[in-house]
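Visitor: Quick note, in the working numbering, the sequence shown goes up one by one and the last residue is 771.
Beta carbons are placed, not taken as given, at the ideal position from N, Cα and C, and that holds for glycine.
Fair warning: this is a prediction, and the values are worked out from it, not measured in the lab.
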Amino acid sequence: MPTRHTVTAMPRDFDPRAALDHLARGARRERLVHVRHLPRREAEQVPWPEWVDPGVYAAWSGAGVTHLWSHQAQLAELARAGRHTVCATGTASGKSLGFLVPVLTALAEGSHAPTGRGATALYLAPTKALAADQLARLEAMSVPGVRSAVYDGDTPTDERRWIRDHAHYVLSNPDLLHHALLPGHAQWAPFLRALRYVVVDECHVYRGVFGAHVSAVLRRLLRVAARYGSRPTVLFASATIAAPESLAEALIGAPVTAITHDGSPREATTFALWEPPLDGEDSRRSAVSESATLLADLVLHDVQTVAFARSRVGVEAVAAATRRDLTGVDPSLAPRVAAYRGGYLPEERRELERSLRERELLGLAATSALELGIDIAGLDAVLVAGWPGTRASLWQQAGRAGRSGTPSLAVLVAADDPLDTYLVHHPEAIFAAPVEASVFDPANPHVLTPHLAAAAAELPLTEADTEWFGPTVPQLAESLVAGGVLRRRPAGWFWARPDRASDHVELRGIGRTVRIVESRTGRVLGTVDQARADSAVHTGAVYLHQGQPHVVTELDLADAAAHVVAGDPGWSTQARSTSEFRILHTARQHQWGPATLSWGAVEVTHQVTSFLRRLPTGEVIGEHPLDLPRRTLSTMAVWWTLPEDELALAGVGEADIPGALHAAEHASIGLLPLIATCDRWDIGGVSTALHADTGLPTVLVYDGHPGGAGFAEQGFHRAIEWLTATLDTVRSCECSSGCPSCVQSPKCGNGNEPLSKSGALRTLAHLLSAG
Ligand SMILES: [Zn+2]
Ligand SMILES: [Zn+2]
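1) Go through its chain and collect everything with a Cβ distance to Thr596's Cβ below 7 Å, but skip five positions before and after it.
2) Which residues bound the alpha helix (DSSP H) around Trp60?
3) Say the cut is 8 Å; is the CB of Gly738 nearer than that to a heavy atom of ligand 1?
4) Could you tell me which whole beta strand (DSSP E) segments of length 3 or greater appear in the region 397-460?
5) According to DSSP, simplified to helix, strand and coil, what is Gln744?
6) What would DSSP say about Thr8, mapped onto helix, strand or coil?
7) With DSSP as the reference, label Cys678 as helix, strand or coil.
8) Following a CB-centred definition, is Asp282 positioned closer than 8 Å to any heavy atom of ligand 1?
9) Output the residues surrounding ligand 2, defined as those with a CB atom closer than 6 Å to any ligand heavy atom, in chain order.
10) Which of the three DSSP states, helix, strand or coil, is assigned to Leu755?
11) Assuming Ala321 is part of the alpha helix (DSSP H), what are its boundary residues?
12) Less than 9 Å separating the beta-carbons of Ile516 and Ala561?
13) List in chain order: all unbroken beta strand (DSSP E) runs of 3+ residues lying wholly within the region 162-186.
14) What do you reckon, is the C-beta of Val792 under 8 Å from a heavy atom of ligand 1?
15) Under the three-state reduction of DSSP, which class applies to Asp133: helix, strand or coil?
16) Leaving out five residues on either side along the sequence, give the residues of the same chain with a beta carbon under 6 Å from the beta carbon of Val481.
17) Rounded C-beta distance between Leu32 and Ala24? I'm assuming under 8 Å.
18) Could you pull out every residue in the same chain whose Cβ sits closer than 6 Å to the Cβ of Leu192, ignoring the five residues on either side in sequence?
19) Buried or exposed: where does Glu290 fall if 16 or more other Cβ atoms within 10 Å of its Cβ makes it buried?
20) Of all the options Ala765, Val214, Pro746 and Thr327, which has the alpha carbon lying nearest to the alpha carbon of Leu177?
21) Alpha carbon to alpha carbon, what distance is there between Leu448 and Pro255?
22) Compute the beta-carbon to beta-carbon distance between Leu273 and Gly670, rounded to the nearest angstrom, for a pair I have assumed lies under 8 Å.
23) Should Glu734 be listed as close to ligand 1, given that the test is whether its C-beta is under 8 Å from any heavy atom?
24) Taking 8 Å as the line, does the beta carbon of Cys742 fall inside it for any heavy atom of ligand 1?
25) Kindly indicate which three-state DSSP category Asp534 falls into: helix, strand or coil?
26) My guess is that Arg40 and Glu267 are in contact by the Cβ rule of under 8 Å, so how many angstroms apart are they, rounded?
27) Suppose the cutoff is 6 Å on Cβ atoms and the five residues either side in sequence are ignored; what does the same chain contact list for Ile252 look like?
28) Tell me which residues share the same chain as Asp15 and place their Cβ nearer than 7 Å to its Cβ, disregarding the 5 neighbours each side in the sequence.
29) Is any beta-carbon of chain B found at less than 9 Å from that of His425?
30) How about Lys95: is its Cβ closer than 8 Å to a heavy atom in ligand 1?
31) Is it right to say Gly110 is buried, meaning 16 or more other beta carbons lie within 10 angstroms of its own, or is it exposed?
32) Which residue from Glu753, Asp728, Ala432 and Thr632 puts its Cα closest to that of Cys742?
33) Given a threshold of 16 other Cβ atoms within 10 Å of its Cβ, counted over all protein chains shown, does His112 qualify as buried or as exposed?
34) Taking 8 Å as the cut-off, is the CB of Lys757 close to at least one heavy atom of ligand 1?
35) Does DSSP put Ser598 in a helix, in a strand, or in coil?
36) Looking at the secondary structure, which residues open and close the alpha helix (DSSP H) in which Ser572 lies?
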């Protein structure tokens, strides 16, 4: 390999198929499971609308944008006509310009009003980095008469006042809306009175419980704005997802028009699905190690590549292993691979962009495209180490490759779990299926009730507020009266407490968190959700913080703190727990021959009872009892039953039933994210050979959040698709008696015992034969 120090920005030829052939050379050929060629798409250009503000037009046409793509123009026209609209087109399809044309035009027109602020707009991004990035792009265009500013948790107090009183375009996030803008709306009165547009960017990330929270916050915003006499038009930008209008409608509770036809050009992409080899009878090489090998190979061949890993630890591991591999072959290349740490200052990000643009950096590892907040379009190849959770994220990551006129390469490297296994062997689930619908339940009373309390603190609640929050308002408000939170008066329900209502609601997750405190220094290393604390940071647990082992010396539940000391004791720990459930109410039921499939409300009781110490070889060196409370969760679940004699007919004997059901439960939890936008940590499961409420062998999968998040409901409605995928995954796994790619679960409270892979196969096949 020749040593290269020359940095060149010259366009070069890149042949993705040749690069892929090289990666899959020799014995590696069998790891390449599928290749899909996505053809080039031509641009559909249309002229700018007549009504665009001359300053806006001048800014963009000056930068060479003399036409709009068809979806941008469509979004601009619908927005101009005052229609709530969602634009769900691909990564880098210029959705921002689509909403900026009408928004900036209205702001510029309004700047001629006597107040200087005849129109205002609010832009909401899920992360601070994204809002900062939007502002940087806007400032680069400098549209005359429009004052824009980021308003987030870091904005100094005096600047906040200036923004409230003078800014036309405020870029913020839902958290700030909830904690600052809405509770202090009186100070925002002039801004809200003129509010013409609300832009909700990257709206596909608002799903599950977080989606329900953001929905309540947006409805609170629209309600408060209405009090000041404005009815803003809401513009959503989304990744390509199935039925974007239903997501957007759930977010604001009003009809939304969807734009899904993408008029932007796209270069051809060669998309490969890659499965790392088995490295033992029942385990597979990790996606991280395999991706590092591929990244080193690509960098050696001067292919500029970004590798996305699921966690920070994974990112560091990919970069370190790649540099190690390169050092052995061509030491000059090792420094040209970097890990993206996150939390960069703007000038550091610009420097990173520059070193990528000038090809000083050839390899970059990062956690997610959204987090990057940097413009790195124009790379040759993208590696995705492990399914990123949703098809929308996959396309967003893959979209980081490819520059004008050159095809690109994207490779999804499967991780060792059931969903990844299924996907690489079922390319149609990635390429043909509409991307998953985002699901959440805006009426979840566990989420909505505290937001109604916050809404009442903003403006007294009345019966008329069903317009914003749905028909359950009176009932939930009365429950708040009973709890002493609200007071009923003739004019409505009033906030009755001395403290701030919004302080009682956390948007990102329900419930309390447990702090992880370093004993020696008192420093808080991080937090874990209380729901996960008992099993992750119990006394004696070995807890990995950013890849470094720590031992928990004490879990203090009263103080919500886990005290830890750094150090590797030479073993890992695994919590053991018991789970039970009661069926409270069956909402829907299907009969599949002898099997019954149900969806409804349940109460799950969970208790962590002990933990195991394991050597790196997997050998157990002891079990230690724990004294932790029983936790109950009221939530929604999907469950199925099959009588014992039917299981016998399927060839599952009495002794095999617990292992068969348990293995089927694990695999089905692993596959639910295929149809409901969640990850396996958002859901849980319980299986039992005989359940008191059903009187039968029963497998239950539940939403891990109080009141449910809509995942189990999706499982019920699409049960055949879900369980068929589960069966296919277990059937196609090459392991002998069960592995993490099929029926083992990393979060099992029973140490993955008992598990019967063959029993699960027979059970699922029998269940589906009548479905
Ligand atoms: Zn397996
Ligand atoms: Zn289990």
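Guide: By the coordinates alone:
1) Gln589, Trp640 and Thr641
2) Pro54 to Gly62
3) yes
4) 408-413
5) coil
6) Summary for Thr8: the model assigns pLDDT 36, below 50, so the residue's position carries little reliability; its value from the coordinates is reported in the next sentence. Residue state, collapsed to three classes: coil.
7) coil
8) yes
9) His662, His666, Ser745, Cys748 and Asn750
10) coil
11) That run of the alpha helix (DSSP H) goes Arg312 to Val329.
12) yes
13) 169-172
14) Given that the chain is displayed from residue 1 to residue 771, the structure contains no residue 792 and the question cannot be resolved.
15) helix
16) Arg488
17) 4 Å
18) Ala225 and Tyr228
19) buried
20) Val214
21) 20 Å
22) With a contact defined as Cβ atoms closer than 8 Å, Leu273 and Gly670 miss out at about 18 Å.
23) Yes, since a heavy atom of ligand 1 falls inside the 8 Å radius drawn around the Cβ of Glu734.
24) yes
25) helix
26) Taking 8 Å as the upper bound for CB-CB distance, Arg40 and Glu267 are in contact here, some 6 Å apart.
27) Here the set comprises Leu218 and Val234.
28) none
29) Chain labels in this structure do not include chain B; a single protein chain is all it has.
30) Lys95 Cβ: outside cutoff for every heavy atom of ligand 1.
31) buried
32) Ranking the options by Cα distance to Cys742, first place goes to Asp728.
33) The residue in question, His112, is exposed, as its Cβ has fewer than 16 Cβ neighbours within 10 Å.
34) yes
35) For Ser598, the three-state secondary structure derived from DSSP is strand.
36) No alpha helix (DSSP H) contains Ser572, which is instead part of the beta strand (DSSP E) from Ser572 to Trp592.
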